[in-house]
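Everything below concerns the one structure shown next.
There are 2 protein chains.
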Amino acid sequence: MKTSIATVSISGELPDKLAAIAAAGFDGVEIFENDFLAFDGSPADVGKMVRDHGLEITLFQPFRDFEGMPEPHRARTFDRAERKFDIMQQLGTDLLLVCSNISPISLGGVDRAAADFHELGERAGKRGLKVGYEALAWGRHISDHRDAWEIVRRADHPNIGLILDSFHTLSRKIDINSIRSIPKEKIFIVQLADAPLIDMDLLYWSRHFRNMPGEGDLPVAEFTRAIAETGYDGYFSLEIFNDQFRGGNANAIAVDGYRSLIYLGDQVRRSPGAGSLTVAPMPERAEIKEIGFIEFAAADEEAAELIATLKTLGFRKTTTHRSKQVDLYRQGDIRVLVNTDEGGFAGASYAVHGSSAYAVALVVDDAKRALERAVALNAEPFSQPVAPGEVEMPAIRGVGGGLVYLLDDKTDLGRIWDIDFVPVTEDSGVESAGLRRVDHIAQTMPYEEMLTWVLFYTSIFEAGKTPIVDIIDPAGVVRSQVVENVSGALRITLNGAENRRTLAGHFIAETFGSGVQHLAFDTDDIFATAAALRRNGFRALHISPNYYDDVEARFGLDPELTERLRAENILYDRDEHGEFFQLYSPTYGEGFFFEIVERRGYRGYGAANAIFRIAALKKHLRPEGLPKIIG
Amino acid sequence: MKTSIATVSISGELPDKLAAIAAAGFDGVEIFENDFLAFDGSPADVGKMVRDHGLEITLFQPFRDFEGMPEPHRARTFDRAERKFDIMQQLGTDLLLVCSNISPISLGGVDRAAADFHELGERAGKRGLKVGYEALAWGRHISDHRDAWEIVRRADHPNIGLILDSFHTLSRKIDINSIRSIPKEKIFIVQLADAPLIDMDLLYWSRHFRNMPGEGDLPVAEFTRAIAETGYDGYFSLEIFNDQFRGGNANAIAVDGYRSLIYLGDQVRRSPGAGSLTVAPMPERAEIKEIGFIEFAAADEEAAELIATLKTLGFRKTTTHRSKQVDLYRQGDIRVLVNTDEGGFAGASYAVHGSSAYAVALVVDDAKRALERAVALNAEPFSQPVAPGEVEMPAIRGVGGGLVYLLDDKTDLGRIWDIDFVPVTEDSGVESAGLRRVDHIAQTMPYEEMLTWVLFYTSIFEAGKTPIVDIIDPAGVVRSQVVENVSGALRITLNGAENRRTLAGHFIAETFGSGVQHLAFDTDDIFATAAALRRNGFRALHISPNYYDDVEARFGLDPELTERLRAENILYDRDEHGEFFQLYSPTYGEGFFFEIVERRGYRGYGAANAIFRIAALKKHLRPEGLPKIIG
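What follows is the structure in structure tokens.
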């Protein structure tokens, strides 16, 4: 699979863009005209700079408002094309992208357009250049790739071909099967972009909301599969217009883009009939069976506070590490490690980010293969020295500052507890609260990085994503999206914060690192758990009584149940699958907290309750100096 | 005009919201249920808090999915309503907003809905409460206020009335004339919101893009006029869902909201037939005749650099202030004051913001009336002591940290130059560059504050606004909107920056204050000006040669003209009215610069050239440490 990306897709000036694109691993780059025009160097300089980066220029674009122009505009348009051909020859690229005409003075007619393209093909051919025609979804006369293809067919010129763009085809819901009848040699290049499904004006949607394949909701893999079945083996090139990407980190966006293409190629490679699309084989997406452990790096009073909180939650210290200052606290299938060692990654993480849940271990079907896939998708492998005889755990760096360990039970990795740890007997003085397993892990990040996290998880692991929902914090909107697998073993809620006065924004401004802001544990009986927690001295987050009046009216609850909810500060929700109960801790430090949930068939995450628990959680931040909203 | 705003319109927790709403001058507040539910106090507490602020609760909302429910849902819906009535009585409000049903299980039928409302009216009436019905633009069966009105009419109950909302009516382009036949006593309240014209899903548009009347593109004044003609004299209440407002400064947003209502009332008051809408009369919007002067506060080397630059631009010092260190530099009708006085507002501004064009004087038809109007619209008047015999200039504070002086020629204000200033004779050693007048003033602000500036200028002065256009900076998108009057005497380009790595974002992060980032001067002959500037030692901003090849091809320019443009680094644009020429200085300090333009009928601002001049301008910032985009 030959990979390319348009310079317009990422932020920066042309040299910065090219450096980021080359570093991310792309083979080629589309030179977007404005990036070239703003650059203070000749076309030949740009061409050299591109080739010095080991990149090929896949095309020069866009050439607008070409076909169907009445005279005298028509003649001028051809002159204009000749000037672009001059530049292309100096740049060192042979393909010009012509997008369908949007000019109000342009004339319709397939034959007229075909004749124009035939003549353009003649002119291009004399210079050894080619022209590809792309149907813009909002083109004046041509807005469907099937019509563009008919024009290319009638132009009947070897130097004239078709350019397909997933956004233009999929945004108009054009049958992608129509691609399968196009001869591969007439497809000059394929552009790819995804987008979230929001019903709006196509041009506005395209200009502001495009994102990388796999980050949105369009069936880009289906589209690519249809392309591959034609036998097409040319470039797949990303052309993404996105306000966040324009203002984002060029390197990070380029890495995302490359990952999205590799992941797409991998999906398509597995399809029957897609033989022409060659991608380095990699293991399938890893299936996550459970959360192996969550490890905190902490020190001093913060470690003491964390351990005290874990105890009130009913956790007991069961084992301790042979050679490091790491203790395992356990309850049900939940394992929480508290690492107070000053050395290693944990110590370094603590030094930079303060106390945090810096590492999450995922138990997968095959850790070695999971690591292999992650690395094939450009995730960064991680290892650190272990004492002789101790288990080396495969790991990758997460998107933020955290670690993701990959464990399985096929190798001795599953036996880490037996080898590296020794049992302790300690009377914690608390009773179990009946917590069974990790329900979900909530990670917070700046909103503009949320798509990076989504792509990271869903490309490496067998998991899907839910639509983005808006969570209302009193100080602003937080976007929330869930990555989850079918079994429910993996459930990660991602919260993209737009300003630092929100609870989420405050947390990342102050600590960030792994981004783990809260952990939700599952119980089979929230009321029994609440009672046990109370006896352990746990103080639940206080919820406004007004909430309970509404919940009772809204769901038609038995007043007795409402009373129990209110007494224990338990939040309630319901969907078509069942009921949901949530109990929160106050916040610790800069906004970390625990949640306890009981699911009676319910599949969501209590988004409707978020505004109430956030308002309550923020009260605990105030004294520590959360910036006031007013003023 | 009785003013109200829904708590959902601004950021913060309930007490913060109420404080901001009361401080801004509103008479009433809609309690949005979630704000109430998240608040840890009883309904009576909330009611008291509202009344302690001198506010009235105009309504409680929203009550969803009421009408047309099949049993057993119907009975539960009535129970739910009774619970809300309980809360309303404790809150101390008599109006409940019911929005049209969106539930998939709801049944249609005007008579069924009318019967439901009749019964609800009976129940409300027993408690002395009222219910208003609002057609959501995306309601399942009812999405048009005319249908909602038919249901209210058939419900035929004194406690059931209609709620009109400008967004729901105008977003669906429903004929507003249909409002004029509704009896005023059946309109229980009127909600107002504006929005930019973007074609998208109505719910998505409503939830994210609403803004204050006058900030968007909907004909809210026409809508309000129709309401006023019914004789309606109740509350006009803002209900604005906007992501920026949710994350913004509550006080500033509330002030904007109040200003938008007063301005709206003033517009409507002037219409024949709108007698019922009483608003304190204020002078009409001030007509701006010219830019009187622009005043810089500067000191030391920065002042010297500014003066040296003004001289290379062909300005000459013509007069100096009698009692302050203020010199007037003049060319054509352009007056630039350089204030190096340590005292007064200029000195204070310099101390806080560094060198900047901190004040702009607008020459209006009647300065006293302009000031009166500005104050009526809650602008803050400004004055500082002047020496005996000197002219006191009326002024208001701008939205940022700057000042706006209001001058006219009816009073002695026009004679300021004769009274406060004395002529100097100084050989500047430079020749005039033929600059005639101020073409436009460019102000930069954080994007989320741009609407505040638009409303400030357009409500006080006779001016319109253009649609927002996206300006592409290599480091991100900058939104640009122009406030201008018909004569062209007032032209202000507002640039809303979203991140500080853009040229605009860098400027406001480092200096802000008045936000004046560049001044554009007008010439009748850009080539003559360019030649004179060269002779004066002015160095124009270097533009990439690539730009000129494209401009020649794009506009079909005579190669000789292109060569002259290229030689002088002049940018070119054209619209249906004529040609445009632009010449830039490099940036000074943190990103301030000058522009020189020649308009040959052209009406725009060269937005298509922005990407090229921004890339060039940023090169001059680099050495001073603009954060790198990459990394």
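The listed protein sequences correspond, in order, to chains A and B. The first sequence begins at 1 in my numbering and counts up one residue at a time. The second sequence begins at 1001 in my numbering and counts up one residue at a time. Glycine included, every Cβ here is placed at the ideal spot set by N, Cα and C.
Excluding five sequence neighbours on each side, which residues of the same chain lie with their C-beta closer than 8 Å to the C-beta of residue i?
i, result
"A/I630", "In this predicted model, A/I630 has a pLDDT of only 30, less than 50, meaning its place in the structure is not dependable; the value taken from the coordinates is given anyway. Answer for A/I630: no residue qualifies."
"A/D575", "Y602, R603 and G604"
"A/A379", "I396, R397, F456 and I460"
"B/I1176", "T1169, L1170, P1219, E1222, F1223 and A1226"
"A/I57", "G28, V29, E30, I31, G47, V50, L91, G92 and T93"
"B/Q1617", "According to the sequence provided, residue 1617 of chain B is Leu. The question's Gln does not apply to it. Excluding sequence neighbours, B/L1617 sits near L1503, L1541, Y1584, P1586, T1587, G1591 and F1593."
"A/L105", "Note on identity: in this sequence residue 105 of chain A is Ile, with Leu being the wrong assignment. Same-chain partners within the cutoff: M69, P70 and H73."
"B/A990", "This structure gives no information on residue 990 of chain B, because the portion of chain B shown stretches from 1001 to 1631."
Can you list, in chain order, the residues of its chain with a C-beta nearer than 6 Å to that of residue i? Leave out the 5 residues immediately preceding and following it.
i, result
"B/S1383", "none"
"B/V1044", "Here residue 1044 of chain B is Ala; the residue named in the question, Val, does not match the sequence. Around B/A1044: Q1090."
"A/I472", "I611"
"B/E1302", "S1355"
"B/A1370", "A1286, V1364 and L1406"
"A/A504", "T444, V478, N495 and A497"
"A/T138", "The amino acid occupying residue 138 of chain A in the given sequence is Trp; Thr does not appear at that position. L202 and L203, listed in sequence order."
"A/K324", "D341"
Check the Cβ of residue i against every Cβ in chain B and list those closer than 8 Å, keeping chain order.
i, result
"A/D65", "Per Cβ cutoff of 8 Å: no residues; A/D65 is ~10 Å from chain B at best."
"A/N499", "G1247"
So residue i contacts chain B; which residues on that side make the cut at Cβ distance below 7 Å?
i, result
"A/L37", "S1544, N1546, Y1547, D1550 and F1612"
"A/G108", "In chain order: nothing, as chain B lies at least about 23 Å away."
"A/D243", "V1477"
"A/R76", "G1556"
For residue i, I'd like the list of residues in its chain whose CB is within less than 7 Å of its CB, leaving aside the five on either flank, ordered along the chain.
i, result
"A/F26", "T3, S4, I5, L55 and Y258"
"B/H1518", "A1442, F1592, F1593, F1594 and E1595"
For residue i, which residues in chain A fall below 7 Å Cβ to Cβ?
i, result
"B/A1615", "E13 and A38"
"B/D1116", "Those within 7 Å of B/D1116 in chain A number zero; the least Cβ separation is about 17 Å."
Can you pull the chain A neighbours of residue i, defined as C-beta to C-beta under 9 Å?
i, result
"B/P1474", "S11, G12, E13, L14, D16, K17, D35, A38 and R246"
"B/Y1204", "I198, D199 and M200"
"B/I981", "Nothing about residue 981 of chain B can be read from this structure; chain B reaches only from 1001 to 1631."
"B/I1057", "Within chain A, no residue comes near B/I1057; the closest Cβ sits about 15 Å away, beyond 9 Å."
Just the chain B side, please: which residues come within less than 9 Å of residue i by C-beta, in chain order?
i, result
"A/D201", "I1198, D1199 and M1200"
"A/R539", "The contacting residues do not exist; A/R539 stays about 15 Å from chain B at best."
Quick one: what's residue i bridged to in DSSP?
i, result
"A/I294", "A/V336 and A/V360"
"A/L328", "A/T319 and A/L337"
"B/T1444", "B/N1495"
"A/K2", "A/Y235"
"A/L571", "A/Q582"
"A/R132", "Going by the sequence as given, residue 132 of chain A is Gly instead of Arg. In DSSP, A/G132 forms a bridge with A/L97 and A/G161."
"A/G464", "A/E484"
"B/T1523", "B/L1435"
Report the neighbours of residue i on chain A: residues whose CB is nearer than 8 Å to its CB, in chain order.
i, result
"B/A1553", "D79, R80, R83 and K84"
"B/I1174", "Those within 8 Å of B/I1174 in chain A number zero; the least Cβ separation is about 20 Å."
**Study point:** Given 8 Å, three or more beta-carbon pairs between the region 158 to 167 of chain A and the region 107 to 125 of chain A
**Key:** yes
Practice item. Any chance you could list the alpha helix (DSSP H) runs of at least 4 consecutive residues sitting entirely within the region 1365 to 1412 of chain B, in chain order? Key: 1367 to 1376
Check your understanding: For the region 1071 to 1116 of chain B, which segments carrying the alpha helix (DSSP H) assignment without a break, of at least 4 residues, lie completely within its bounds, in sequence order?
Key -> 1073 to 1091
Exercise for review: Inspect the CB distances between the region 23 to 37 of chain A and the region 58 to 69 of chain A and report whether three or more fall short of 8 Å.
Suggested key: yes
Exercise for review: Give, in chain order, every unbroken run of the beta strand (DSSP E) that is at least 3 residues long and sits entirely within the region 475 to 509 of chain A.
Suggested key: 476 to 484 and 491 to 497
Check your understanding: Using 8 Å as the Cβ pair cut-off and three pairs as the minimum, do the region 1328 to 1347 of chain B and the region 1430 to 1446 of chain B touch?
Key -> yes
Check your understanding: Is the region 199 to 208 of chain A touching the region 178 to 185 of chain A in the sense that three or more CB pairs, one from each, lie closer than 8 Å?
Key -> no
Check your understanding: Does the region 1299 to 1316 of chain B come within contact of the region 1414 to 1421 of chain B, defined as at least 3 CB pairs closer than 8 Å?
Key -> no
Check your understanding: For the 8 Å Cβ check, are there 3 or more pairs between the region 1230 to 1242 of chain B and the region 1286 to 1297 of chain B?
Key -> no
**Study point:** Segments of 4+ residues assigned as alpha helix (DSSP H) that fall wholly inside the region 1162 to 1190 of chain B
**Key:** 1166 to 1171
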